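Visitor:
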Amino acid sequence: MNPDYRLYHPKWHRRRIPIFWWLGKRSYIRFIARELTSVFVAYCAVLLLLQTWMLGRGEAAYARFSEWLASPPLVGFHLLTLLAVVFHTVTWLGLAPTALVISVRGRRVPSRAVLLAHYAAWAVASGVVAWALLGGS
Amino acid sequence: MSRRSDEAGLWLSFSSGGMLAALLFPAIAFLFWIGPALGWTPSPAYDHLVGLVRHPLVRVLLFALISLSMFHWAHRFRYTLYDGLQLYHLNHLIAVVTYGLATVLSLVAGFVVVTV
Amino acid sequence: MDSITLEVSRYRPEEENEPSWQDYEVPFRKDWMVLDALNHVKDHLDGTLSYRWACRMGVCGSCGMMVNGEPVLTCATYLETCAPGPIRVEPLRGFPVIRDLVGDLTDFLEKLERVKPWIVRDKERSLDEGEYRQTPEELAEYKQYSMCINCMLCYAACPIYELEPEFVGPAAIALAQRYNLDSRDDGRAARMDVLARQDGIWACTFVGECSAVCPKNVDPAGAIQRYKLEAATDWVKAMVLPWRKR
Chain X
216 MNPDYRLYHP KWHRRRIPIF WWLGKRSYIR FIARELTSVF VAYCAVLLLL
266 QTWMLGRGEA AYARFSEWLA SPPLVGFHLL TLLAVVFHTV TWLGLAPTAL
316 VISVRGRRVP SRAVLLAHYA AWAVASGVVA WALLGGS
Chain Z
3 MSRRSDEAGL WLSFSSGGML AALLFPAIAF LFWIGPALGW TPSPAYDHLV
53 GLVRHPLVRV LLFALISLSM FHWAHRFRYT LYDGLQLYHL NHLIAVVTYG
103 LATVLSLVAG FVVVTV
Chain G
678 MDSITLEVSR YRPEEENEPS WQDYEVPFRK DWMVLDALNH VKDHLDGTLS
728 YRWACRMGVC GSCGMMVNGE PVLTCATYLE TCAPGPIRVE PLRGFPVIRD
778 LVGDLTDFLE KLERVKPWIV RDKERSLDEG EYRQTPEELA EYKQYSMCIN
828 CMLCYAACPI YELEPEFVGP AAIALAQRYN LDSRDDGRAA RMDVLARQDG
878 IWACTFVGEC SAVCPKNVDP AGAIQRYKLE AATDWVKAMV LPWRKR
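Protein chains in written order, with our numbering: chain X, 216 to 352; chain Z, 3 to 118; chain G, 678 to 923.
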């Protein structure tokens, strides 16, 4: 007989959740990876801000900044950053159809159409960025 | 007043920041920081970029992108620490640090896009 | 193979403080579900094993358990898909264990009642006014969310529910949406008061596992994200037009 047990007193069990609970399942790992892309998004924001500021400091300063950007370890890190932000985009757009359920003239717009519309928006936005950045060179 | 939470506002900034980042950062990261360094794409010319960044619409877009991306990170990272590492007792501190950093960087971004 | 091992989580509070494992060897039949194996254990090997089940055809929601770490309906999981075993059977995660494979679901029931899962009317119609009429399109708006059988697999799959037990949870929110989207209902504002809170929809981080495990394709994750959009829109409207009646 369990000495901690008292008759008619419920003694329910709750398991202790391990700190690294998210390593237990592949879907959880993917979830945490997706959430951690936000760190790379923040890095892009900060770097973009830095780059904008450098533009205002004159051609020489900007040239030095561009040289620093081209150094191999930084380019390596930026390749990782690119992978992370692309993963952010793909997972973000992939979830858009679940949140955006719309009906047009009484008929439900199929999820695939919503997804394709988002990918089209991504293509257009990227195109505009490319045109704006490379238009003058 | 209703008992509804103001968390909705934070979620909106997270959501719009996430969308802007999703649509714009892949192209920006590639064309600014990878393509030119590896010689795959031409490096945008200085004069052209300065002209671009001083356009009023671009100033606004830059500010929105930087500020909302930071709030996107703040909101998401706060929850990742909260749930991922079970840091419930530090909830208030984490909120102050993340949203605080996002606010500070937004102010800096505002200053930079106006004065560049 | 003609037999398979079940590794079952036992918890007898009058004997132990922590759950323990007990192995049972059951016949391996291609047409048997995990529930059939558990019934075989109860009938022929160990009558002390406690677990819930009822309809054995996937409509009552009673027999939800963790099988090899995944929340499933044991009446809908073939032994063959878990072969060669051993098959690990545990009570649904996220709920306190009363005994063996039986969890306490009071928390869910309390939360379900909180979201008012019934038609709320501002003004009841009298009988001579006739029935409430609904077009097929109006039915289609909420039908998916009405398929919920309260099996709680979504709660077991949701890491947030286990980490933050105050979280209202996927099924409760999906069921709230079932009524919010029903053309006969007027309870949207009342349910928004209950759900647009930190322990309501805002605790959800869209892991998405709830929809992945739902045996009825209710898609609670979708219900929650749509609700977040609605709540956010309401919040903006309240900020911009504070005099507006909710």
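Here a beta-carbon is modelled for each residue, glycine too, at the ideal position from N, C-alpha and C.
It should be emphasised that the depicted structure is a prediction, and the values quoted were computed from it without experimental measurement.
#1: Alpha carbon to alpha carbon, how far is G762 (chain G) from D713 (chain G)? Give it in angstroms, no decimals.
#2: Answer with yes or no whether the minimum CB distance from L48 (chain Z) to chain X is below 8 Å.
#3: Just checking, does the segment 885-904 of chain G make contact with the segment 817-827 of chain G on the three C-beta pairs under 8 Å criterion?
#4: Along chain X, in chain order, which residues have C-beta atoms closer than 7 Å to that of L840 (chain G)?
#5: Could you list which residues in chain X have their beta carbon closer than 8 Å to that of W75 (chain Z), in chain order?
#6: Please list, in chain order, all residues of the same chain as L289 (chain X) whose beta carbon is under 8 Å from its beta carbon, the five residues on each side excluded.
#7: Does Y334 (chain X) come within less than 8 Å of chain Z when only Cβ atoms are used?
#8: I'd like the ranges of any alpha helix (DSSP H) spanning at least 4 consecutive residues and lying wholly in the segment 325-349 of chain X.
#9: So, helix, strand or coil for T43 (chain Z), using DSSP?
#10: So which residues of chain Z does A837 (chain G) contact, with C-beta pairs closer than 8 Å?
#11: I'd like to know if V116 (chain Z) contacts chain X, where contact means its C-beta is closer than 8 Å to some C-beta of that chain.
#12: Return the chain-ordered list of same chain residues with a C-beta closer than 6 Å to the C-beta of F280 (chain X), the five sequence neighbours on each side being excluded.
#13: Measure the alpha-carbon distance for Y904 (chain G) versus N217 (chain X) and round it to whole angstroms.
#14: Quick one: measure Cβ to Cβ for E839 (chain G) and G771 (chain G), integer angstroms, because I've assumed they're closer than 8 Å.
#15: To the nearest angstrom, how far is the alpha carbon of Y755 (chain G) from that of M743 (chain G)?
#16: Between which two residues does the alpha helix (DSSP H) containing L295 (chain X) stretch?
#17: Kindly say whether W912 (chain G), judged by its beta-carbon, lies nearer than 8 Å to any beta-carbon of chain Z.
#18: Comparing the C-beta of A235 (chain X) with each C-beta of chain G, is any distance below 8 Å?
#19: State the beta-bridge partners of L683 (chain G) as determined by DSSP.
#20: List the residues of chain C whose Cβ lies closer than 7 Å to the Cβ of T882 (chain G), in chain order.
#21: Determine the burial state of Y701 (chain G): buried for a count of at least 16 other Cβ atoms within 10 Å of its Cβ, exposed for fewer.
#22: Quick check: the Cα distance between H57 (chain Z) and V118 (chain Z), rounded to an integer number of angstroms?
#23: Quick one: which chain G residues come within Cβ less than 9 Å of A328 (chain X)?
#24: Looking at the structure shown, is H224 (chain X) part of a helix, part of a strand, or coil, going by DSSP?
#25: Following the continuous alpha helix (DSSP H) through P813 (chain G), name the residue where it begins and the one where it ends.
#26: DSSP three-state call for Y996 (chain G): helix, strand or coil?
#27: From the DSSP secondary-structure annotation, give me the bridge partner or partners of G899 (chain G).
Guide: Reading it off the structure:
#1: A direct Cα-Cα distance of roughly 16 Å separates D713 (chain G) from G762 (chain G).
#2: For the record, residue 48 (chain Z) in the displayed sequence is Tyr; it is not Leu. At least one C-beta of chain X is nearer than 8 Å to the C-beta of Y48 (chain Z).
#3: At 8 Å Cβ cutoff, the stretches touch.
#4: In chain order: I232.
#5: Result: S253, V254, V256, A257, A260.
#6: Answer for L289 (chain X): W283, listed in chain order.
#7: So, not an interface residue.
#8: For secondary structure counted as the alpha helix (DSSP H) over 4 or more consecutive residues, the segment 325-349 of chain X holds these complete runs in sequence order: 326-349.
#9: The three-state reading of DSSP puts T43 (chain Z) in coil, since its state is none of H, G, I, E or B.
#10: One point to set straight first is that residue 837 (chain G) is Ile, not Ala, in the sequence displayed. Contact note: I837 (chain G) reaches chain Z through D85, using a C-beta cutoff of 8 Å and chain order.
#11: Interface annotation, V116 (chain Z): not in contact with chain X, CB-CB separation never under 8 Å.
#12: Taken in chain order, the residues that qualify are M269.
#13: Y904 (chain G) and N217 (chain X) have their C-alpha atoms roughly 47 Å apart.
#14: Between E839 (chain G) and G771 (chain G), the beta carbon gap of about 4 Å places them in contact (Cβ cut-off 8 Å).
#15: Going from the Cα of Y755 (chain G) to the Cα of M743 (chain G) covers about 14 Å.
#16: L295 (chain X): member of the alpha helix (DSSP H) spanning 287-314, first to last residue.
#17: Yes, contact with chain Z.
#18: Looking at the sequence shown, residue 235 (chain X) is not Ala but Phe. Contact of F235 (chain X) with chain G is not assigned, every C-beta pair being separated by 8 Å or more.
#19: Answer by DSSP bridge pairing, in chain order: G:Y701, G:I764.
#20: Looking at the structure shown, chain C is missing, and the protein chains on hand are X, Z and G.
#21: Per the 10 Å Cβ criterion, buried.
#22: Per the coordinates, the alpha-carbon of H57 (chain Z) lies some 11 Å from the alpha-carbon of V118 (chain Z).
#23: Going along chain G, no residue has its Cβ under 9 Å from A328 (chain X), so there is no contact; the nearest lies around 16 Å.
#24: Three-state DSSP puts H224 (chain X) in coil, outside helix and strand.
#25: Unbroken alpha helix (DSSP H) run through P813 (chain G): 813-823.
#26: Since the displayed chain G opens at 678 and closes at 923, residue 996 (chain G) lies outside it and no answer follows.
#27: The partner list for G899 (chain G) (beta bridge, DSSP) is empty, contrary to what the question assumes.
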